[in-house]
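Visitor: The structure under discussion is supplied below as C-alpha cells; questions concerning it will follow.
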Amino acid sequence: MNGLLRIAVGVVAVVVVVMLNTVFVMWLERKFLGHLQSRRGPMRTGYHGLLQPFADALKMLGKEDLVPAAADRALFLVAPLIAFSPAVLIHVAMPWTEWFAKTASEIGLLMLFAVAALSPVGVVVAGWASHNKYSLIGGIRAAAQQVSYEVPLLLSVVGVVMLARSMRLTDVVGAQGVAWNIVWQPLGFLIFFIGMLAELNRVPFDLPEAESELVSGFNTEYSSMRFALFFLAEYMNVFTWSLVGALVFLGGWMGPVLPGVVWLALKTYALVLLIIWVRGTVPRVRVDQLLAVSWKVLLPASLLGAMITAVGVVFGPIVLVPLQFAGVLTLGWVIARLGNDAGEAARAVVRL
Amino acid sequence: MGKGRRLSLESIVIALFIVIGAAFTVLTLSASWLLSPKAPSPEKITMYECGVEPVGGPWVRFRAGYYVYALLYVIFDIEVVFLYPWAVTFGRPGIGWFVFIEMIIFIAILAGGLAYAWKEGALRWR
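So the sequences go chain by chain: A and B.
With the working numbering, letter number 47 in the first sequence gets 47, and the count goes up by one each step, no holes.
With the working numbering, letter number 89 in the second sequence gets 441, and the count goes up by one each step, no holes.
As C-alpha cells, this is what we get:
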C-alpha cells in the first residue's frame with residue numbers, strides 16, 4: 001500500500017511539474033513572439049507578465065460555456081477531454097516513472113507515439129460535432145495531417161532505436177554517452193523536428209486552426225474552459241515534444257558541470273524557443289503542399305535514413321556520419337527548392 | 353520482481369495518469385460551471401459564420417481525396433510496427449547481413465507500393 005501511495009504522489013508531482021512548465025511555455029511564446037515582432041509582449045501581470053497565463057485562465061473560468069444549438073451535444077462536450085487526456089497520459093512513457101515506480105516502460109518510444117496519436121482524434125471530433133463549416137474543414141485537415149506526418153515521425157526515430165538497441169527512453173539517453181544522437185542522426189533529427197511541428201499543429205503546419213482562413217478552425221465554436229482545455233493541451237504537447245526531442249536527440253540529462261535536470265531543461269527550452277522562432281518567421285503551407293512534402297519528400301527520406309543507419313550500425317560511425325550529413329544536405333536542398341517553386345508560383349499569381 | 357508484477361505496476365501508473373488527467377478536467381470544468389453566467393440566446397447558439405446568417409449546413413459531403421492518404425497511412429504505420437522490434441534486435445552481436453537484407457526486401461516492397469501510388473497519380477492533389 002505504501003508503494004501505491006508513493007506512485008500516486010509521483011504521478012501527481014509529474015502532472016504538476018508538467019502543468020507549471022506548460023504555463024511557462026505559454027508565457028514564453030507570447031513574450032518571445034512579441035520580441036520577434038519588436039513588441040514587448042505581456043508586461044502588466046506580474047514581473048514582465050509572468051502571471052499572464054494565470055490571469056487568462058481565471059478569465060476563461062468565468063466565461064459562458066456555449067453549446068451551439070445544432071451541434072452534436074454529447075460529442076461536442078466530450079471532445080476537449082479526448083484532446084486533453086492524451087497530453088497528460090503521454091508522460092507515462094517518460095523516464096521519471098523510474099524514480100517513483102521503479103519501472104520504466106520497455107516500449108517507451110512506441111508507447112509515446114501511440115498515446116500521441118490519440119490527441120488529434122479530439123480535434124477531429126470537435127470539428128465534426130461543432131456543426132460549423134470552419135470547424136469541419138479544420139477537423140478534416142487535422143485528420144489528413146496527422147495521418148501523413150505520423151509515418152515519417154515514427155520512422156525518424158527508428159535509427160535511434162537501432163543505436164540504443166532499446167525503446168526504453170532511459171536506455172536511449174544512456175546510449176548517447178559518446179556524442180548526442182543529433183551527431184549520429186542529423187537526418188533523423190531534421191525529419192523528427194518537421195514531423196513534430198506537424199503533429200503539434202504549429203506554424204507552418206497550423207492548418208487545422210488557420211486563423212486567417214478558418215476563423216479558429218476546429219475550436220471556432222468553443223468557449224470558456226472547454227476552449228482552455230484545447231489550448232492547454234496544445235501547449236502541453238509543445239513542452240512534451242520538446243522534451244522528447246531533448247531526450248532522444250540532444251542527449252537528455254547528459255552534460256558537464258551542471259546537474260542533469262538543468263541540462264534537460266536547457267535543451268528542452270532550446271527546442272521550445274526554436275518552435276516559437278519558426279512560428280515567427282515561416283508562413284503557413286497549403287494543404288496540397290503539406291501532403292506532398294510528407295509523402296514525396298519526408299517518407300522516402302526517413303526510409304533512407306533508417307537504411308543508412310542500419311548500414312552504419314554494421315560498418316561503424318565512419319560510414320554513418322558522412323552518409324547522414326549527405327542526407328541532411330539533400331533533404332535541405334529539396335525542401336529549399338520546393339519552397340522556391342512555391343514562392344515563384346505565388347509571385348506569378350501576384351503579377352497576374 | 354517477476355515479469356507479471358512489473359507489468360501490473362506499469363498498468364497502475366498508466367491508470368493513475370488517466371485518472372489524474374480526468375480529475376483535472378472535471379475539476380476545472382465544474383469550477384467554470386459554478387462561476388460562469390448561463391444566459392444562452394438564439395443568436396448566441398447559432399453556428400458562427402462571421403456574423404451573417406448561416407447559409408446551408410456543414411454536414412455535407414466533403415472532399416474524398418483524403419482517403420488515399422488514409423490507406424497509405426495504414427500500410428506504412430504497420431510497416432513501422434514491424435521495424436521497431438527489428439531495430440531493437442538489429443545491433444546485437446550475432447545478427448548479421450541476413451537480417452539486414454531481409455528488412456531491405458521488406459522495405460523495398462513497400463517503397464515499390466509508394467512508387468506505384470505516386471506514378472498512378474494517387475499523391476496528386478486534384
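Glycine included, each C-beta is placed from N, C-alpha and C at the ideal position.
Taking the alpha carbon of A/Leu110 as the point to measure from, which residue in A/Glu98, A/Leu153, A/Ser294 and A/Phe54 has its own alpha carbon closest?
Guide: A/Leu153
Visitor: Using 8 Å as the limit for Cβ to Cβ distance, is A/Met307 near chain B?
Guide: yes
Visitor: Select from the segment 416-428 of chain B all residues with a C-beta closer than 8 Å to any C-beta belonging to chain A, and list them in chain order.
Guide: Tyr418, Tyr421, Ala422, Leu424, Tyr425 and Phe428
Visitor: Check whether the segment 241-259 of chain A touches the segment 175-194 of chain A, taking contact to mean three or more Cβ pairs, one atom from each stretch, closer than 8 Å.
Guide: yes
Visitor: For A/Gln37, is the classification buried or exposed, using 16 other Cβ atoms within 10 angstroms of its Cβ as the cut-off for buried?
Guide: exposed
Visitor: Less than 8 Å between the CB atoms is what I'm expecting for A/Asn237 and A/Ser130, so what's the real figure, rounded?
Guide: Not really, about 21 Å apart at Cβ, beyond 8 Å.
Visitor: By the three-class DSSP mapping on this structure, what secondary structure does A/Trp369 have?
Guide: As displayed, chain A neither begins before 1 nor continues past 352, which places residue 369 of chain A out of reach and without an answer.
Visitor: Looking at A/Val16 and the ligand NAP, is the gap between the Cβ and the nearest heavy atom below 7 Å?
Guide: Only the bare structure without any ligand can be found here, which leaves the ligand NAP out of the picture.
Visitor: For a contact defined as C-beta to C-beta under 9 Å, what are the partners of B/Gly373 on chain A?
Guide: Val15, Leu81, Phe84, Ser85, Pro86, Ala87, Val88 and Leu89
Visitor: Quick check on B/Gly354 - is its C-beta less than 8 Å from some C-beta in chain A?
Guide: For B/Gly354, the predicted structure reports a pLDDT of 48, less than 50, and the residue's modelled location is therefore unreliable. A value from the coordinates is still provided. Not an interface residue.
Visitor: Output the distance between the C-alpha atoms of B/Lys471 and B/Ile456, rounded to the nearest integer angstrom.
Guide: 22 Å
Visitor: Count the other C-beta atoms from every protein chain shown that fall within 10 angstroms of the C-beta of B/Lys396, then say buried if there are 16 or more, exposed otherwise.
Guide: exposed
Visitor: For A/Asn132, which of helix, strand or coil comes out of DSSP?
Guide: Note: A/Asn132 maps to coil in three-state DSSP.
Visitor: Please give the ranges of any alpha helix (DSSP H) in the segment 30-110 of chain A, keeping only runs that are unbroken, at least 4 residues long and fully inside the region.
Guide: 52-61, 73-89 and 97-101
Visitor: Put A/Pro283 into one of helix, strand or coil per three-state DSSP.
Guide: coil
Visitor: For a minimum of 3 consecutive residues, which ranges assigned as the beta strand (DSSP E) are wholly contained in the segment 192-225 of chain A?
Guide: none
Visitor: Closer than 8 Å between beta carbons: that is the criterion. Which residues of the segment 383-396 of chain B meet it against chain A?
Guide: Ala383, Ser384, Trp385, Leu387, Ser388, Pro389, Lys390, Ala391, Pro392, Pro394 and Lys396
Visitor: Can you pull the chain B neighbours of A/Asn132, defined as C-beta to C-beta under 9 Å?
Guide: Met399, Tyr400, Glu401, Pro406 and Pro410
Visitor: Could you please give the first and the last residue of the uninterrupted alpha helix (DSSP H) stretch that includes B/Met399?
Guide: Looking at the DSSP string, B/Met399 is not in any alpha helix (DSSP H), and its letter there is neither H nor E.
Visitor: Is A/Ser166 helix, strand or coil when you go by DSSP?
Guide: coil
Visitor: Between A/Tyr134 and A/Leu214, which are expected to be in contact by the criterion C-beta below 8 Å, what is the C-beta distance as a whole number of angstroms?
Guide: 4 Å
Visitor: When you compare the CB positions of A/Val23 and B/Ile372, do they come within less than 8 Å of one another, or not?
Guide: Not closer than 8 Å, so no.
Visitor: Restricting to Cα atoms, I'd like to know which of A/Arg202, A/Thr268 and A/Val158 is closest to B/Val432.
Guide: A/Val158
Visitor: Would A/Val9 pass as an interface residue toward chain B - the criterion being a Cβ-Cβ separation below 8 Å?
Guide: No, no contact with chain B.
Visitor: Who are the near neighbours of A/Val125 in its chain, counting only those whose CB is closer than 7 Å to its CB and skipping five residues on each side?
Guide: Closer than 7 Å at Cβ, skipping near neighbours: Leu75, Ala79 and Ile82.
Visitor: In terms of alpha-carbon separation, which member of A/Asp288, A/Arg279 and A/Ser302 lies closest to A/Phe32?
Guide: A/Arg279
Visitor: Start and end of the alpha helix (DSSP H) containing B/Pro389?
Guide: That residue, B/Pro389, is in no alpha helix (DSSP H); it is neither H nor E in DSSP.
Visitor: State the CB to CB distance for the pair A/Ser302 and A/Ser148, rounded to an integer number of angstroms; the pair is presumed to be in contact (CB under 8 Å).
Guide: 12 Å between Cβ atoms; not a contact.
Visitor: Beta carbon of A/Val328, beta carbon of A/Val183: below 8 Å?
Guide: no
Visitor: For the alpha helix (DSSP H) that contains A/Gly305, what are its first and last residues?
Guide: That run of the alpha helix (DSSP H) goes Leu299 to Phe315.
Visitor: Comparing alpha-carbon positions, which option in A/Arg141, A/Val313, A/Leu290 and A/Val123 lies nearest A/Pro204?
Guide: Answer by Cα proximity: A/Leu290.
Visitor: What do you get for A/Ile318, buried or exposed, if any count of 16 or more other CB atoms within 10 angstroms of its CB means buried?
Guide: Around the Cβ of A/Ile318, a 10 Å sphere holds fewer than 16 other Cβ atoms; the residue is exposed.
Visitor: What residues from chain A crowd round B/Ile459, counting only those whose CB sits closer than 9 Å?
Guide: Per Cβ cutoff of 9 Å: Leu303, Ala306 and Met307.
Visitor: Of all the options A/Val18, A/Gly108, A/Gly255 and A/Arg202, which has the alpha carbon lying nearest to the alpha carbon of A/Met167?
Guide: A/Gly108
Visitor: Decide if A/Glu221 is buried, meaning its Cβ has at least 16 other Cβ atoms within 10 Å, or exposed.
Guide: Buried, because 16 or more other Cβ atoms sit within 10 Å of the Cβ of A/Glu221.
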